[in-house]
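**Q** Got a structure for you, written out below as structure tokens; questions coming shortly.
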Amino acid sequence: ILGGGALFGFFMPRILVKNTAIKRIEEINLTFPDALDMMLICVQGGIGLEQTVDRVAMEVSEHSPTLAEELAILSAEMAMLNDRRTALSDFGRRVGGHGKSFATALIQAEQYGTSVSQALRVMSDELRDIRMANAEQKAASLPPKLTVPMILFFLPALFIVILGPSGIRMSETF
């Protein structure tokens, strides 16, 4: 019992931290495309990138506190650091996934002198396509998952409804 408790106490914190990190990344990746669309609207409206990130952090805080926290940290770093690239690369390293590609796209847009609005538009279109592909993949995997429950639950009830009246008539005639 003592050895089992020691193993449990040794591995359980690692498992809990790993699960929390996975949930955090999933939450950020789920809400990041919407935040990116809001950033695109703000940037196209003429608001600077620092103010855009701050504004989107406030707007997203109700739906995704985790993403709002990360965007607030990014906004604070962009305000305090002289180098915007460092703040963006730190954000990409912390968030990972879509945040890393977002940071890379903005760093390259700044480095090569292209429009931030154009970079955000391309990223937004790409994330929308990824979201659509994920939805199509989930829809395609649904029929095999429904086959066994339909066979076990739906078909017997259907046979009873269809064959029940004829079975009653046959029992009456015999």
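Here the working numbering is used: position 152 in the sequence shown is 152, and no number is missing along the way.
Even glycine gets a Cβ: it sits at the ideal position worked out from N, Cα and C.
Remember, it's a predicted structure, so these values are computed and weren't measured experimentally.
Which residues bound the alpha helix (DSSP H) around asparagine 29?
**A** 2-44
**Q** On a CA-only basis, which of Thr20, Ser101, Leu30, Leu88 is nearest methionine 132? Give me that one, please.
**A** Leu30
**Q** Less than 6 Å between C-beta atoms, sequence neighbours within five positions excluded: which residues of the same chain meet that for alanine 109?
**A** Val116, Ala119
**Q** Quick one: grab the DSSP three-state call for isoleucine 160.
**A** Assignment of isoleucine 160 by DSSP, reduced to helix, strand and coil, places it in the helix class.
**Q** Judging by CA-CA distance, which residue of Asn82, Arg55, Ser75 is the nearest neighbour of glycine 91?
**A** Looking at the sequence itself, residue 91 is phenylalanine, so the reference to glycine does not match. Minimum Cα distance to phenylalanine 91 is reached at Ser75.
**Q** At a cut of 8 Å, does the stretch 23-37 reach the stretch 95-102 through at least three beta carbon pairs?
**A** yes
**Q** Would you mind working out which of Leu16, Gly3, Asn82, Thr20 sits nearest glutamate 50, comparing C-alpha positions?
**A** The candidate whose alpha carbon is nearest that of glutamate 50 is Asn82.
**Q** Taking only three categories from DSSP, how would you classify threonine 173?
**A** helix
**Q** Of all the alpha helix (DSSP H) runs that stay within the bounds of the stretch 78-149, which reach a length of 4 or more residues?
**A** If you keep only unbroken alpha helix (DSSP H) runs of at least 4 residues inside the stretch 78-149, you get 84-95, 98-112, 116-140, 142-149.
**Q** Determine whether the beta carbon atoms of isoleucine 71 and leucine 88 lie at a separation below 7 Å.
**A** At residue 71 the sequence reads leucine, which differs from the isoleucine that was named. Result no, Cβ atoms of leucine 71 and leucine 88 do not sit closer than 7 Å.
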